[in-house]
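Colleague: Sharing a structure below in structure tokens format, with a few things to ask.
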Amino acid sequence: MVNLQWHDHSYIRRSLLLYGSVFAVNLLSMAQGMGLAFISPIYYKLQANDTSENLTDRPLRSEQISIFVGLIHIGSILGCFVAAAVAGVIGRKKLFHLLAWITLAGFLLQATGNLYTLYLGRFLVGLGSGGGVVIFLYVAEISELHNRAATTTITSLMFSVGRLYAYCIGKTVTIRQYCFLCAAPLAVCIVLTASIVPESPFYLVAKKRDTEARKILLKLRPTEKVTEDIRDIKILTSAKKIDVKGILTDYVSRKALLICLWVQFLAVFSGVIVVVAFLGVILDFPNGHLSGDTYAIIVGGLKVIAGCSTSLFVDNIGRRTLLITCLLTTVVCHTITGIYFTLKYSKYKYVNDWEFVIVVSVTTYGLLQTLGLRMLAGLFQGEMLPNDAKPITAPIVTAFGFTVGLITTVCFPLLEANSLLNYLFFAMSLTCLVGAITSYLYIPETKQKSLLEIQAILKEKM
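Residue numbers for the sequence shown follow my numbering, so the first one is 6 and each next one is one higher.
Below, the structure written as structure tokens:
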């Protein structure tokens, strides 16, 4: 009875440390969600002549908004390469602490009201967000097989929480107050990463600090599993790190990289970034029952609720099946939205009757995004990329995603100003259809597989 009680207590302690650490580092994911959704509630405020609404002294033109929106992705592209390199030198824990400070500074700079510090702040938020490439890898490194999907889900969930947070506060406060409130979670992240977050055992083993790695694993695992985990980590970290040429010539690394690039492209080009950034604008109907910002809050809230059950879908349905289901449903949603914008631009008499249909369509896509698309893109990175190739392949995949996001978000204000959004949604719909077919043909199922088992699956020829 005493042993059972002790086992229960140790399990609780391990779970608290694991999930507390995952929550702490994912305050950076929350900041990324805030950064991407930042423009949605203030899109029209930045174009206002009224300086009580507009943070700058003059309205921003559509091309200036495109620059402002795009800078977060430029910063993210640079950030993911820098973070991946720095993580192997100073460790994951110190990196997260540094990223939190950078992102905090970015939000505070945007509050100054100067156009150029607005741009610089946006870039710094992107730089900190780009470091999020390490979050998925870190979460996979400290998790066990049975809880890996659940901990990865927290990353997706916190991203959704960040978006909802931005939608809610951006509508009700001034832009300067909005910037300060977006900076607040980063202050919490700084405190928690310094106090409770453990270093990755993978990093410690790679640095020949096995004793420290064992101590951390004893806090995260049952005692009887620690020796086995140390052995597996040594196998995964002992391989010589390969360069780009080695990745392209090694079948497993090349296959894993291509799969992750394709899933990342599908997730981002399906609208994961652009719909988040401009949700309030997309749902802003002429003579609508609710404002676009109000609809954005409702959709954001539903996505947070849906995010709580993501791990159930991933573990029960499987990665590949969930990805294909999300893509096919997205085809329908974006086709409907594309038809709506076509009718709207054609001055269709009864276009207002489409309000409910479009809200349902965009909401459905938003739920799919939370339940599968974005989370799966990160999960595939954590599970499929070989450990010896991750320092190069992980930032490549993430930078590729940010590049696609940069293109779509920079184009959105220009397409919106020229009444061409219907073509964007039709293009996203067609891409998802092609993605569903190729995913069925070429992507393997990795449900309930260890990292070593996944590497064995990838060795099989297509």
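Built from N, CA and C at the ideal position, the CB exists for glycine as well.
(1) Look at the alpha carbon of phenylalanine 207 and the alpha carbon of valine 130, and state the distance between them as a whole number of angstroms.
(2) Mind pulling the alpha helix (DSSP H) runs of 4 or more residues that sit fully within the segment 205-265?
(3) Which runs of the alpha helix (DSSP H), 4 residues or longer, sit entirely within the segment 395-464?
(4) Could you check what DSSP says for arginine 97 in three-state terms: helix, strand or coil?
(5) Take alanine 394 as the anchor and find which of Phe274, Lys308, Val249 and Val273 has the nearest alpha-carbon.
(6) Please classify aspartate 62: does DSSP put it in a helix, a strand, or coil?
(7) Three or more beta-carbon pairs under 8 Å between the segment 164-177 and the segment 94-112, yes or no?
(8) In the DSSP assignment, find the unbroken alpha helix (DSSP H) run with glycine 175 in it and report its ends.
(9) Does alanine 145 pass the burial test, meaning 16 or more other C-beta atoms within 10 Å, or should it be called exposed?
(10) State the CB to CB distance for the pair leucine 307 and glycine 371, rounded to an integer number of angstroms; the pair is presumed to be in contact (CB under 8 Å).
(11) From which residue to which residue does the alpha helix (DSSP H) around serine 200 run?
(12) Looking at leucine 104 and leucine 33, is the spacing between their C-beta atoms short of 8 Å?
(13) How big is the Cα-Cα spacing for glycine 323 and glutamate 68?
(14) How is serine 81 classed by DSSP in three states: helix, strand or coil?
(15) So the candidates are Leu83, Leu120, Ile287 and Asp255; which of them puts its Cα closest to the Cα of valine 367?
(16) Compare the Cα-Cα distances from glycine 137 to each of Glu217, Thr330, Tyr350 and Ala88 and report the closest residue.
(17) Mind checking isoleucine 201: buried by the 16 CB within 10 Å criterion, or exposed?
(18) Please confirm whether serine 161 and methionine 380 have their CB atoms less than 8 Å apart.
(19) Give the secondary structure of tyrosine 24 by DSSP, where H, G and I count as helix, E and B as strand, and everything else as coil.
(20) Run the CB neighbour count on asparagine 427, radius 10 Å, all protein chains shown included, and call it buried at 16 or more, exposed below.
Modeller: Reading from the atomic positions:
(1) 28 Å
(2) 206-211, 215-225, 228-243 and 249-254
(3) 395-422, 426-447 and 456-463
(4) Residue state, collapsed to three classes: helix.
(5) Val249
(6) coil
(7) The segment 164-177 makes no contact with the segment 94-112: fewer than 3 CB pairs, one atom from each, lie closer than 8 Å.
(8) 153-177
(9) buried
(10) 7 Å
(11) 180-200
(12) Yes, these two residues count as a Cβ contact at 8 Å.
(13) 42 Å
(14) helix
(15) Ile287
(16) Ala88
(17) Flag for isoleucine 201 reads exposed.
(18) yes
(19) Residue state, collapsed to three classes: helix.
(20) It is buried - the Cβ of asparagine 427 has at least 16 other Cβ atoms within 10 Å.
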